[in-house]
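Peer 1: Shown below is the structure under consideration.
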Amino acid sequence: MDRETTSIVSMVYAQSEILQKEVYLFERVDSRSRETMKHLKCICFVRPTQENIHLLCQELKEPNNVISKQDLKFLAEADEQEVVREIQEFYGDYIAISPHIFSMNIVGCCQGKSWQTLALKRTVYGLTSLLLSLKKCPMIRYQNSSEMAKRLADNVRQVISREAALFDFRKTDVPPVLLILDRRDDPVTPLLNQWTYQGMVHELLGINNNRINLSKVPGIPKDLEEVVLSIEHDEFYAKNIYLNFGEIGSNIKDLMEEFQKKSKSQSKIESIADMKAFIETYPTFKKMSGTVSKHIAVVGELSRLVGSRGLMSVSECEQELVCQSDHSQSLQKIRGLIGNEQTADIDAVRLVMLYALRYEKHPNNDVMALTQALRRRGIPDKLTKDDDRESSDDEDIDSVVDIESVVDNGAGDNTDSSDDDAATADRPGMFLADEIMPRDRGDAPEKKFTPKCKCKLHNGQPCHTRYAPGELADIRLQYLTMTHDELDIAVLAKLSCGMHLSSMTTKTRRGQQQERQAQRTDFYLHGFRICRDLFKQIHTISQDKLTALIAHYKVAGCEARVHRSKHKRPANALKFEDTCAVIDFIVNYAEANAIILPGRTPGHWKTDVKLLPTNCSKKKVYQHYCDASDAAGTRKVAVQTFRRLWQQLLPFVVTMRPATDLCWYCQKVVTKLTRSANLPDAEKTAAVREYEEHLHRATTERAHYTDVCKSVKESMPPGLSLGPHAACSFAGKCHYGFDFAQQVHFPSNPLQPGPIYFKCPRKCGLFGVACEAFPKQVNFMLDESVNTGKGANCVVSLLHFFFEKYGLGEHDVHLHADNCCGQNKNTCMMQYLMWRVLTGRHKKITLSFLLNGHTKFSYDWCFGLVKRLYRKTKVDCLDDIAAVVTESSTVNIPQLCGTENGEVIVPTFDWTSFLGIYFRKVSTIKRFHHFHFVEGSTTMRVQEFVDSTFAEQPLLRQSLPHKEAMPQVIKPKGLDAKRQWYLYNEIRPFTAERCQEITTPLPTAAKPKRKIEAVSSDSDDTNDPPPPPRRRPARGRRTARSEQ
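Heads up: the sequence shown at position 992 corresponds to 992 in the UniProt record's numbering, and the numbers run straight through without jumps.
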């Protein structure tokens, strides 16, 4: 390893863990004293730098036991004895401090405002290595005001573009973001003392690669001169890393008490069993002893530094500087701390820098005097001048800035700035106020508050000269943020302090007081008297409001004012009768037009909802209301009031959302109930009872489907997955659901060209078989060139292929399907399931169908994921459709049934003819919803509903042939010449060039000719209508003639 990879490995692995990997020796590639050990294998884990390449070349010439192609060539040429077996690339070029923090261990990465070349290159390598190890290809966002952040983002983006193959990870719905910020725009945080365990260790003791040097601590034992604090290997440190200093002391005490208990138990050895227990628990006891000693030493040293440097007082002053605005008090505390010998030099410098940032615009700031005080204290110039020197490990120079440049509002002498920084070179030093609230700009000028008064209350000067302009502006902003009532209370409270309401005067120059003729009010701010004009300006009130508040205080004191019209109804207020008229109209309209809630209305879970038809919007109902009000001559409310009353008082009257695939029986019954408003109650009751029974059946069947899925999922053993399995190899039960989805067309473009809307692109059918236990769904894609129709033969063939290639080999199968007779619920399907049981492919099969219109299954959800992504993806061939299915979700699995050229992958068998020889037809199949097939029985058991009694129907007609016998394959007809030429002429222009020869190739068949009726040229009248078509005889008439 090299110098840097040694740190990388040591941060995440202990030496004992590496030894468990059969690594017996560690060597540095730059070490000169090594012995030749050809009997061991060597793994070189180094960074791809020129220095390491050179060292490796020397190593390969004399073997002791991300690289570029040129470097690999140098290595190959140096491998004269052919000792290299392989070269691998590992993405770990960064220091993992904790599970969510990493570092590059770079000290001094910039010169002025520009990157150092080597530091930039190292940072780019580290960031790209991190992204590759996390398998993320992020969007890069950076701070636009920082040239260094912009340059780093550009370099990382160039690496990602150049190595696109490495970053070809699976895309997510929400892409990750790499956010690059410049910490130089936050000058305050590095100047504050930290009080968490991790922060104090970094700040006061210093930590490098999780190691703390305590050799300078007085009285420290030799084995504790260097300790390791790692989240991965120290449980106490991981739990207390973010706790404050007080909580750490309490937890250290608990740890010590627990150790004392174990120490006492270890000292009692009275028998062989005690000795055995001591030997077994000794490693744990020894580890705990080391943990206690280590943390007591660290926390003890932290406590000593806090006391010796007076960090409690320093931190209190820092928090006041950041959070409060008392300038004089802060200035006095800083002077006192600078004069205190207990305060460390770095702490004194930080306080002055915080003061310079906080009060940079204050007219009475005294930064120059504080800087002189630092120099009189003997603080070196390197802590008061920013000379761009590289910081050391034992001094916190990262937080040092040029204090005098902050005071002078200068940018500093940065001679190393590049031309790219010219846009920001004239920017003043790092001002805290500029970061929070940008300076005035031409496009958004700020109106500053300027107090104005003509009094002479401050030694012959206006009273506002006593205060700083910024101080008065801050006070005024505080009052501007108050509400109307809060401002009234604040002003009344101040008026109570200066209002003279006594009956006699209180003049001090007169010995005898007179009776007061009028009340007088004095105004005060921070203990000093001010004039009335300034009082009104800082409280943002007018003279009329001030007069009204004074009059109110004389009557009611500090009680909040109440508007006279608060308890009066406005003249244009809505009357109770008008509100009742609106409500009555909506209720009557709902009675006449609303319907009872259907069983499958999406988005509604309440049962008392009255649903208006989908075309009855609130605007339309309001128009009917206006017409009725005009006809009756009553007052009508505005549309906003109409909507508000509807929403507040009649929330149960809503408009039905459009929906598809609803139950036809539900709609017929609901329509019947809607039209029976004026019918007798007996008919209404019979219709409602009939409807309730139907909903009860639908709910029962749905509950049965849910219970089956849940029980199968709970009983499924771990580690099982879809794939080819031997028949009856899994002694368990599995549930599947299958159905067709609406076919898709390709080529498909999310930015659809206008002309293709009127054309018919190539068609692809979708058939899904879902296994809810995993969950997974296999999606069969049937191109129209290999499609043989969507009848029973197609469905059974697809289901047979699924069982053979994706089935679990289960004993018991429960199937759910859509209640469609042409595809799923037919004699061929029942005969096929009986054939599977009798040939030993399953021991038990149950096929269930939900009620018509109530047949939503899990495959509908999977189809929805595919369709959602399909609408947003450009598709030009079947492979693109398969990619959409794969990327739509981890649940979906694509399965092509054939290719565009007609090659068949999933064959279609003639099951109808094959099974019709050996099985009988199923009678009254539409009546039943559950069909059961059991091994050893040739009789099918059926149920009308899940709670109905069983009935039996014999199916086997004659003995079956060998179980491996299969029906004949139905060859697809493919695309006829007309369809091929249509795709070539009409759809090919809309297909991508890479897929034109796949999806819309040049047809090999001759182009069909159009049939055009010949028109005689000798005919004088060419506008004669064509003769009517010949009428075919009716079937009944032909039958009657044949009988005669």
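All C-beta atoms in this analysis are idealised placements derived from N, C-alpha and C, irrespective of residue type, glycine included.
1. For GLY974 and THR788, I'd like the C-alpha separation in whole angstroms.
2. In or out: MET11 buried (at least 16 other Cβ within 10 Å) or exposed?
3. Which same chain residues end up closer than 7 angstroms to MET966 when comparing Cβ atoms and leaving out the 5 residues on each side of it in sequence?
4. What's the C-alpha gap between GLY498 and ALA490?
5. Buried or exposed: MET139, going by 16 or more other Cβ atoms within 10 Å of its Cβ?
6. Check ASP443 in the structure and name its three-state DSSP category.
7. Go to ALA977, then tell me how far its alpha helix (DSSP H) extends in each direction, as first and last residue.
8. Measuring CA to CA, which of LYS454, GLU804, LYS825 is closest to LEU851?
9. Report buried or exposed for ARG569, applying the criterion of at least 16 other Cβ atoms within 10 angstroms of its Cβ.
10. Using 7 angstroms as the threshold, is the C-beta distance between HIS458 and THR465 below it?
11. Pull up the DSSP beta-bridge partners for GLN943, would you.
12. Can you give, in chain order, each stretch of the beta strand (DSSP E) that sits fully within the segment 705 to 784 and has at least 3 residues?
13. Around the C-beta of ASN615, are 16 or more other C-beta atoms found within 10 angstroms, so that it is buried, or is it exposed?
14. Whole angstroms are fine: how far does the CA of GLU257 sit from the CA of GLN15?
15. Could you tell me which uninterrupted alpha helix (DSSP H) segments, each at least 4 residues in length, are contained entirely in the segment 309 to 370, listed from first to last along the chain?
16. Relative to the alpha-carbon of ASP947, which residue among ARG520, HIS929, GLU316, PRO221 has its alpha-carbon at the smallest distance?
17. Taking buried to mean at least 16 other C-beta atoms within 10 Å of its own C-beta, is ILE101 buried or exposed?
18. Starting from the C-beta of PHE90, find all residues in its chain whose C-beta is less than 8 angstroms away, skip the five residues before and the five after it, and write them out in chain order.
19. Per DSSP, what kind of secondary structure is ASP544 in: helix, strand or coil?
20. In this structure, does DSSP put PRO190 in helix, strand or coil?
21. Classify GLU226: buried if its beta carbon has 16 or more other beta carbons within 10 angstroms, exposed otherwise.
22. For the structure I just gave you, are there three or more beta carbon pairs, one from the segment 171 to 179 and one from the segment 216 to 230, closer than 8 angstroms?
23. Would you decide whether HIS932 is buried or exposed? Buried here means 16 or more other CB atoms lie within 10 Å of its CB.
24. Does the distance from the C-beta atom of ALA356 to that of VAL367 stay below 7 angstroms?
25. Mind checking which residues open and close the beta strand (DSSP E) that includes VAL174?
26. Among CYS877, VAL922, CYS862, PRO954, which residue has its Cα nearest to the Cα of GLU997?
27. In the DSSP assignment, the alpha helix (DSSP H) including GLN158 goes from what residue to what residue?
28. The ligand FMN and LYS636: does any heavy atom of the ligand fall closer than 6 angstroms to the residue's C-beta?
29. Hey, could you find the ends of the alpha helix (DSSP H) LYS494 is sitting in?
30. Please classify ASN1023: is it buried, with 16 or more other beta-carbons within 10 angstroms of its beta-carbon, or exposed?
31. Along the chain, where does the beta strand (DSSP E) containing LYS856 start, and where does it finish?
32. In this structure, does DSSP put PHE90 in helix, strand or coil?
33. Runs of 4 residues minimum, wholly inside the UniProt domain "DUF7869" (791 to 942): which ones carry the alpha helix (DSSP H) assignment?
34. Just verifying my parser: in three-state terms, what is the DSSP assignment at SER103?
35. Is the beta carbon of ILE379 less than 7 angstroms from the beta carbon of ASP347?
36. Run through the DSSP bridge pairs and tell me what SER98 is partnered with.
Peer 2: If we stick to the structure as given:
1. Rounded to whole angstroms, the separation of the alpha carbons of THR788 and GLY974 is 9 angstroms.
2. Classification of MET11: buried, given that the 10 Å Cβ count is 16 or more.
3. So the qualifying residues of the chain are PHE909.
4. Spanning the two alpha carbons is a distance of roughly 13 angstroms.
5. Result: exposed.
6. Residue confidence is low: ASP443 scores 38 on pLDDT, short of 50, so the model does not pin down where it sits. Its coordinate-derived value is still stated next. Three-state DSSP puts ASP443 in coil, outside helix and strand.
7. Note, ALA977: alpha helix (DSSP H), 977 to 982.
8. With distances taken between Cα atoms, LEU851 lies closest to LYS825.
9. Exposed, because fewer than 16 other Cβ atoms sit within 10 Å of the Cβ of ARG569.
10. Yes; because the gap between Cβ atoms is below 7 angstroms, this pair is in contact.
11. Paired residues: HIS930.
12. Taking 3 residues as the minimum length, the beta strand (DSSP E) runs contained wholly in the segment 705 to 784 are 730 to 746, 762 to 771, 776 to 783, in order along the chain.
13. ASN615 counts as exposed, since fewer than 16 other C-beta atoms from the protein chains shown sit within 10 angstroms of its C-beta.
14. The straight-line gap from Cα to Cα measures roughly 30 angstroms.
15. The DSSP assignment places 311 to 323, 327 to 339, 345 to 358 as complete runs of the alpha helix (DSSP H) inside the segment 309 to 370, in order along the chain (cut-off: 4 residues).
16. Nearest neighbour of ASP947 by Cα position, chosen from ARG520, HIS929, GLU316, PRO221, turns out to be HIS929.
17. ILE101 is exposed by the Cβ-count criterion.
18. Short of 8 angstroms from the beta carbon of PHE90, and not among the five residues preceding or following it, lie these beta carbons of its own chain, in chain order: PHE45.
19. ASP544 falls in the helix class under three-state DSSP.
20. If DSSP states are grouped into helix, strand and coil, PRO190 belongs with the helices.
21. So GLU226 counts as exposed.
22. Below 8 angstroms, too few C-beta pairs join the segment 171 to 179 and the segment 216 to 230 to call them touching: fewer than three.
23. Its Cβ being crowded by 16 or more others within 10 Å, HIS932 is buried.
24. Yes; because the gap between Cβ atoms is below 7 angstroms, this pair is in contact.
25. For VAL174, no beta strand (DSSP E) run applies, since DSSP gives it neither H nor E.
26. It is CYS877 whose Cα lies nearest to the Cα of GLU997.
27. Residue range 147 to 162 is occupied by the alpha helix (DSSP H) that includes GLN158.
28. Ligands displayed in this structure: none; no statement on the ligand FMN is therefore possible.
29. Boundaries of the alpha helix (DSSP H) around LYS494: 484 to 498.
30. Residue confidence is low: ASN1023 scores 45 on pLDDT, short of 50, so the model does not pin down where it sits. Its coordinate-derived value is still stated next. The residue in question, ASN1023, is exposed, as its Cβ has fewer than 16 Cβ neighbours within 10 Å.
31. Run containing LYS856: none; DSSP gives neither H nor E here.
32. PHE90: coil per DSSP, three-state reduction.
33. Qualifying alpha helix (DSSP H) stretches, in chain order: 792 to 805, 827 to 838, 858 to 870, 878 to 888, 911 to 916.
34. If DSSP states are grouped into helix, strand and coil, SER103 belongs with the strands.
35. Taking 7 angstroms as the Cβ cut-off, ILE379 and ASP347 do not qualify as a contacting pair.
36. Beta-bridge annotation (DSSP): SER98 is paired with ILE101.
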